[in-house]
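Data first, discussion second: the structure below is written as structure tokens.
Numbering (the numbering used here), first residue to last: 5 to 169.
Here's what the structure looks like:
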């Protein structure tokens, strides 16, 4: 009988090819460059980590609360949903902003494509066959925050007074 804590392992490689070290990664400098990159391929994900080369060495993500190895890298989708009929820029800015809390001095945001092999404990996609696209320059995070604050009622949620609409 299999151990209940042993997940079904994908035989797919974690990365499609060995990722370049951080200094050799292509860097997107503006939010418009990110939008253009996402328009050219679907789906695109964002990950905050020590970088793809480090992730390739370390292996799949961990569920730290459960001390459990996940079947892929934990990511967040940046590609707008089909029902989103507005410009993709505010959607992408919002998604970058929502996950910016994962940014830290020794970590950075990078974009990737990949095959979804499951969902993590917070319903996030878990991917393998990762194809590294580019890293995001710090100013992209700042620009995304500005667009988010300008285009959305940041922080408003369903707990607001029902008379607010």
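Every residue, glycine too, gets a C-beta built ideally from N, C-alpha and C.
Item                                                                                                                                                        : Value
Using the rule of at least 16 other Cβ atoms within 10 Å of the residue's Cβ for burial, across every protein chain shown, is residue 53 buried or exposed? : buried
With the cut-off set at 8 Å, would you say residue 86 and residue 75 are in Cβ contact?                                                                     : no
On a Cα-Cα basis, can you pick out the residue from 36, 67, 16, 41 that is closest to residue 172?                                                          : The structure shown does not extend to residue 172, since the chain is modelled only from 5 to 169, so the question has no answer here.
Near residue 19, which residues of its chain fall below 6 Å by C-beta distance, leaving aside the five closest residues on each side in sequence?           : 60, 134
What residue ranges within the stretch 43-81 form continuous alpha helix (DSSP H) runs of no fewer than 4 residues, ordered along the chain?                : 56-62
Would you mind stating whether residue 117 and residue 35 have Cβ atoms separated by less than 8 Å?                                                         : no
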